[in-house]
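Chains as they are written, first to last, in our numbering: chain A, 1014 to 1475; chain B, 6 to 316; chain C, 13 to 279; chain D, 280 to 789. Even for Gly, the Cβ is constructed at its ideal location relative to N, Cα and C. Worksheet for the structure shown next.
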Amino acid sequence: MHLIKTTDLAVYAGNVELLQPLSLTLNKGERLTILGQTGSGKSLLAQAIMGNLSESLHCEGNVELFGKSRSLSERKALWGRQLTLLPQEPWNALSPLMTARNQLKETYRLVRGLAESAARTRTEEDLNQFELQAGADKRVDQLSGGMAQRVAITCAMAGGAQVLLADEPTKGLDISRRDHVVGQLKAQAADGVLLTITHDVAVARQTGGRVMVMKDGVLLEEGLAEDVLSTPQHPYTRALISADPAKWWQPPRQVFPEDSEALISARQLTVGRGDQALVSGLNFTVHPGEVVGVVGDSGCGKSTLGDTLLGLIPPHSGLVDRQKGISAHHWQKLYQDPTAAVSHAVPLNVLLTDLVQLHNLDATSVPALMARLGLSETLLQRTASEVSGGELQRFCLLRILLLKPVFLFADEPTSRLDPVTTREVSQLLVDLAREQGCAVMLVSHDPMLIEKRCDRVIQLSA
Amino acid sequence: MTQLLFKRLLQLLGVAWGVSTLTFLLMRSLPGDMAYRIAAGRYGMDAVDTTSADLVRAELGLDQGPFRAYLQWFSDLLTGNLGNSLVSGMPVVDELWHMLSHSFYLAMAGVVLSMLIAVPLGVATAWWGGWFDRLMLTLSTLMRALPVFVTGLLVIILFALELQWFPVAGFGSVSHLVLPAIALGLSLAAVSNRVVHNEARKVMQSPFFEFARTKGLSNWQVLYRHGVRNLAVPVVAFMGIQLIMLVEGVVMIESLFSWPGVGHGLAHAIFARDIPVIQGAALMMGILFVLLNTAVDIACYCLDPRGGRLQ
Amino acid sequence: MRERTLMNARGLGLLLLTVLCVYSFGTSFLFAGDGNSQNLNHILSIPNAEFLLGTDHFGRNMWLRLADALQLSLFLALACVLTSVVTGVILGVLAATRGGWIDRLIDMLVTLIMALPGLVLVMIFASIAPGSLLVLYIAIALIQWVEYFRLTRAVIQRVDTSPAVESSRLMGFGLWYLFRRHYWPVLAPQLLTLAAFGAANAVLMMASLGFVYVGIQPPTAELGQMIVELFPYYQEAPWLLAQPLLALALLVLAFHLCGRRGADAPD
Amino acid sequence: MLKVISVLGVAGTLLLSAPLLAEPTKENTLTIKGQFEFASLDPTRRGYVFQRMQVLETLVNVDSQGNLTPGLASKWEVSEDGKAWTFTLQPDVKFHDGSSLDAAAVVNSLNIARAKPGLMQGAPITGIEVLDPQRIQVNLANPYSPLGAIMANYSTAILAPKAFDADANVVSVIGTGPFTAYEIAMPHKLVVERFADYWGKKASIEYASYLTGHRAESRVLQVRSGEGDIVFGLDAASVPALRMLPQVNILRSDLPRVLSIKLNLAHPMLASKLSREALSLAINRQGIASAVLRSPESATAQLLPSYMSDWHIGDTSAEQDLKRAESLLLSEGWQKNSDGWMEKAGQPFELTLITYADRPELVTVATALQDQWKRIGVKLNVNVTNSSAIPSGHQDGSLEVALIARNYGTIADPLGVLIKDFGNSSGGDWGSMNWSKPAIQASLGQLVQQNDTAKYRQQAQQIAKAIYEDKPLIAIAHYVQHTAVQKEVEGFRFDPYERSYYLNEIKWNR
């Protein structure tokens, strides 16, 4: 008997089709991964199966669970007990004011119906098994992204559900956390069914089982993980796989001798926010045109270092000495979330002309730069909320290039972008450094990306 | 926490001093001869004449410059004596005690009533929505469109005249407190029930509410275990803001229901230029305001420690 | 669906406001006669051809008097809101960006004003120059700017830490540019809502003053005062009391509807 | 201090009616709703509430026609030279604390009252002394006939010795009246309880409560809801509606109080008699009386009511005559300017009238006046402030016009008040202002010694005529008081001199 069987399951917003009719079956012990870029209707599939689509959408087709086709209300009765969903941002999904331990115990007591003492022991078992004791008595906002995700998984499974739908389980996590989370998913859903939805090829490879590749709500390719990922048939799948940094071409690294012209250097530098010091004893020099990578776990002080170098916050101790005689607006920063770094009030070209007028730059070089960055004139008529993350990041780059910067601190510029755009934007950064002799410090939690793009790496330990 | 308390204590002293001095300056800048006004307050509006005004001026030493009067008042304040009312000669502390206790009962009754109306209504409208929500929205907007004394009159006409359940005005027994509390409670609830509605809707549409549901908890369990606490934070914070609106209503309702509260008393003290009473009342209200605000801030912090350290 | 109800709520509000404005300002041009001229042997009459809304307890033409009262309320609401918005925003920006002792100083002043009940402060001001509408307007504006100050400071403190502002600062833009591109677009919608509720409160505050016989000297027509004067006749001539009540309710309702944006803002 | 009073009140009850622990309940308490607060325990300050609720009594009482009748003093005689009044006290009168009333107690209470501001300071009293345990004597510098009426005023109420503390402040209201003070919650509420050993007619109802209701609206609503057994100070506007209530009687009573306009005769525009005549003629007294005061027959052009016959002159008209008024002004040299205001030598005929909102009808009458004077081109600005603005405006000469409600019945014989208001050239706070008429002022002074009733009447008529013609004060209407009495209350009668509610004559008829 199939645990999950959907026939022509489709999702519509009014009469616009967001997800093409899709039929799939999953038996006990099987694993399926839906792979595709963000915003391709993947999570709608999970919500359609689960039955918690938002009011404005409706779905067609039939959903069979545990061998019997279930209406919406019947599926709701299965929530937690047979069928469970792991939502995208786990740190928003856990109740903000309750400790992790209580949220877990609550599920055992109320969903599993265990007595108080039995629920407590089962909770302790889970906490030990998944090494969650450290964050057990903390609130969600005090947990790291990885820890919050793992707590969410245990809570979701505590109800004894056999079918686990995991929506983007590794989004925003560091590489080391990612493998840990995928391992836990596979362990907990061992004797049931695991349907994973992700944009990360490595997660698909690690989960194994079958893979479905989707783009804009359309199923492109399907098959066993090993076959599809090693010999992709569909061109989109091939582009998706080759976007993985591990597959990028490795350019020759430029070496800058010690005595060559120093742009900015740190002497016994300690950086921190407020009264809490994060990293100490930093000594390095950055030369014009050099691309330096900065790697470290999230929260280890990467962006704090950037702000200190740019003079936005004072160093705790030690010295940052910059080359004299360079005006302030030549030291620039590229942000992780482009939508938060640009004003949404006016169209992009207005922002551009503001900048040109402020420093009365020569606007003649703008068209060439725009072509180089793949930005069309019509795109600039729109405001920041009407363009994609990738386009907006390229617009930020355009503004920075206009200022002819000597130093650019790029703080995880591609973590929010999908793989294909990540490759283009990171390549643009390297070209900027080489052509304009501008020093670039590139921050990322993906060591492979840093490996393929930077001349040398600064490792920040937690 | 202690750092907060110390800071708020300083603020308390500052506000108490500031408010009473502000009222002193304002009252002293009012036109008309104070002695006459106090005489009118003492002997009644028909019997006030120059001889009684001169006697009052002599008795109370009103000829002394405002600065010396202020110093005199300030030195008394340091010894904890708020002076005597110019009109009745009674110690200000006693008059204020009588007025403040009554205003306190009315305010508390009003707030409790408004919460009893606003919270269930807000949550229900957020939960069901649809026509019920629209009906409550129009009702509360209409209620907010009326000045408080009109609400008071409607409440009297309905409960006291038609139904004869409660006395129209006066004080002394609990039954006297009911109608003013209903009038005040309704005017407050008209605003707070929409705030509760919005906050409840935000909680019900939040991801943690959805995850608790998909985790297997029933609607009621989620609302009870997660919804209430997360809802309490913004609602308690709003109660801090509503304090200011509360006092407006209290002044109106007290004069309509002849409730001997501080709002009503202050209005008379202003007309009769009874400066010590006004200063004393302003002092007490300033202190009460800071204390209540601190209490609300602490309550918010305990409910939701995420707000970082208390400033 | 949400967007549509929002639009027609605000549309209804604006429509109501224009109707009231047309009635109040239009009447003084179109209709001759003066709202204050009395006719003591023709009091409490039922609305008829000559007196469209009947006559009040002095025999004055209610149609004209209500128009004058609405004019006064509209004018006062507009003046109070404008003054308090301008003062509140300027001081808010100053406190949020300069911070330090300015912030503490204004904060102390704000706490002082909020500690005293607004109505009592207005009463004291009103008795400084009895009957002058200027003093009334100053007093009400003095109380209301506090709300805008607190909103502006909170919004700017929040927006100031956003990457967009940091990036603009890095690019060399000044405070005025930050205000125009970053602060104002976030502030404007919330200010509009607060201004609408502020206007409503100004009108209600003046009406409450009429209730305690402060501020308004005869023969000025004011909605609150009219309600108080006509209340004793609620049995004899209910249609008279209904007019100022309805006018006040519609005016305040119009302001509230204009202020509606998605969530009903707590004032 | 406050808590002490209520404790004392409670203790009083326990002491007096120890067997049955009576408590004021809805059934046994007569609820009275009044207009005015009582700001202190001291009768010299607004003590009328304690007198009306019959807690305190005075030596002399007044009947409804204004004649003096025996109170705590059974009889009194005046010496030939009119400089000594001897009062004989009622026999075996008990104070509320059980002590008996004797001459020493009365003299002590009167001397304390005399030291404080009050009506006694208007009289030329040189001393008050004990003749024997039952008789006291008041010595005067010169004869003063209104002394008897002063002894009927609340400020001369008799308190027991224990009522005062060391420095003569009143700490507890211990009087001789048919009711004792059961609970006092200053300044709004007073509950009184029946005093078993009262010397006169004992009360039949057990408790009575007096509550101050500032708002005319709430008092009207208390009548409608039946909560107020007796409600005073009903505003004229709501009377027609209240008459329709089945369970309530609305009593209409004339008061010796008059609504009048006080003019500052030193003001250039008000100096000439003809201008004042014009202003008086412009007033539509009939319209104001019927439309604003809702009592058509209260319109009058004279200060004193008809039942004070000596002071009431016959041939006076209260008609409005706009044409004649305008012609009078034109004859005075005023010309109407472009926008309708009278003007002379560039100066518009503009006056500022002050009045006070404590009496709501004053504001409405001022509004009516404003419109009526506008018809003859006189621009009247109305400034509603506090009643004290009138005496202070009189003193510093800033007062131009004032609308006042003057009570000529505070002392039974109006002579005392008239002397105060018109007795000298600078006038009185509530009387004339800068009206110098030496002959009239002199004859007013002599009337005090005039015992021959015929001569008294002839001089009084002469004075009244001069006031009517010269118009230092322009009368508009005399006061009509409306009181609502629930049908279940029997035996209530209204005292025009507002000295007593006669609670001891009231019975329930349920």
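Beta-carbon separation (whole angstroms), residue i vs residue j, contact threshold 8 Å
i, j, result
"P422 of chain D", "K362 of chain D", "6 Å"
"V53 of chain B", "A45 of chain B", "4 Å"
"T156 of chain B", "L191 of chain B", "6 Å"
"S263 of chain B", "L490 of chain D", "7 Å"
"I746 of chain D", "F701 of chain D", "7 Å"
"V97 of chain B", "G85 of chain B", "The pair is not a contact, with the Cβ atoms about 11 Å apart (cut-off 8 Å)."
"A1217 of chain A", "A1238 of chain A", "6 Å"
"L242 of chain C", "L258 of chain C", "Going by Cβ atoms, the distance from L242 of chain C to L258 of chain C rounds to 12 Å, so no, they are not a contact pair."
Interface residues of chain B facing residue i [CB-CB closer than 7 Å]
i, result
"L216 of chain C", "P152"
Other residues of its chain near residue i: CB distance less than 6 Å, five sequence neighbours each side excluded
i, result
"G1054 of chain A", "L1031, L1032 and G1230"
"A274 of chain B", "V282 and I283"
"S1474 of chain A", "none"
"P256 of chain C", "L235, M238 and I239"
"L1186 of chain A", "G1158 and G1159"
"W1104 of chain A", "V1153 and A1161"
"M465 of chain D", "none"
"L281 of chain D", "Since pLDDT at L281 of chain D reaches only 47, below the 50 mark, its modelled position is unreliable, and no value is offered."
"N665 of chain D", "Y635"
Neighbouring residues, chain D, relative to residue i (Cβ below 7 Å)
i, result
"Q229 of chain C", "V661, N662 and V663"
Sequence-distant residues of the same chain with beta carbon closer than 7 Å to residue i, five excluded per side
i, result
"V283 of chain D", "Residue confidence is low: V283 of chain D scores 45 on pLDDT, short of 50, so the model does not pin down where it sits. No coordinate-derived value is stated."
"S296 of chain D", "The predicted position of S296 of chain D is uncertain, since its pLDDT is 44 and thus under 50; no value can be drawn from it."
"G1080 of chain A", "M1014 and H1015"
Where residue i meets chain B, residues with beta-carbon distance less than 8 Å
i, result
"D514 of chain D", "Those within 8 Å of D514 of chain D in chain B number zero; the least Cβ separation is about 15 Å."
"V1124 of chain A", "K220, G221 and L222"
Other residues of its chain near residue i: CB distance less than 8 Å, five sequence neighbours each side excluded
i, result
"K1355 of chain A", "Note that residue 1355 of chain A is Val in the sequence shown here, rather than Lys. The residues are L1361, L1364, A1397, L1405, F1408 and C1409."
"L1066 of chain A", "V1024, L1057, Q1060 and C1072"
Closer than 9 Å at the beta carbon, the chain B residues around residue i
i, result
"M587 of chain D", "Those within 9 Å of M587 of chain D in chain B number zero; the least Cβ separation is about 18 Å."
"H268 of chain C", "T146, R149 and A150"
"T1435 of chain A", "What T1435 of chain A touches in chain B: nothing, since even the nearest Cβ is about 26 Å away."
Beta-bridge pairing of residue i - partner residues as DSSP gives them
i, result
"R531 of chain D", "D:H761"
"M1225 of chain A", "A:I1047 and A:E1235"
"D411 of chain D", "D:R414"
Under 9 Å by beta carbon: chain A residues contacting residue i
i, result
"F216 of chain B", "L1098, L1099, P1100, P1103, N1105, A1106, L1107, S1108, A1165, C1168 and A1169"
"P197 of chain C", "S1356, H1357, A1358 and V1359"
Interface partners of residue i on chain C, CB under 9 Å
i, result
"M257 of chain B", "L131, S220, F223 and V224"
Members of the stretch 50-63 of chain C that neighbour chain D once the beta carbon cut-off is set at 7 Å | Along the stretch 50-63 of chain C, going in chain order, the ones with a CB nearer than 7 Å to a CB of chain D are Q50, L52, N53 and I55.
Output, in sequence order along the chain, the residues in the stretch 92-119 of chain B whose CB is closer than 9 Å to any CB in chain D.
-> The stretch 92-119 of chain B vs chain D, Cβ under 9 Å: V92, S93, G94, M95, P96, D99, E100, W102 and H103.
If you measure beta-carbon to beta-carbon, which residues of the stretch 176-195 of chain C are closer than 8 Å to chain A?
-> So the list reads A176, E178, S179, S180, L182, M183, G184, F185, Y189, R193 and H194, given in the order they occur along the chain.
With 7 Å as the limit, tell me which residues of the stretch 36-66 of chain B have their beta carbon closer than that to any beta carbon of chain D; keep them in chain order.
-> Within the stretch 36-66 of chain B, the residues whose Cβ lies closer than 7 Å to some Cβ of chain D are G37, D38, Y41, R42, A44, A45, G46, R47, Y48, G49, M50, D51, V53, D54, T55, T56, S57, A58 and L60, listed in chain order.
Residues, ordered as in the chain, of the stretch 280-294 of chain B that lie near chain C by beta-carbon distance below 7 Å | So the close ones are A287, M290, G291 and F294.
Near-chain D residues of the stretch 156-177 of chain B - C-beta to any C-beta below 8 Å | Result list: L158, I161, I162, A165, L166, Q169, P172, V173, A174, G175, F176 and G177.
Check distances from the C-beta atoms of the stretch 625-649 of chain D to those of chain C and list, in chain order, the residues that come in under 7 Å.
-> The residues in question are A636, V642, A645, T646, A647 and Q649.
Where the stretch 1017-1036 of chain A meets chain E: residues whose CB sits under 9 Å from a CB there = Given the protein chain composition of this structure (A, B, C and D), no chain E is represented.
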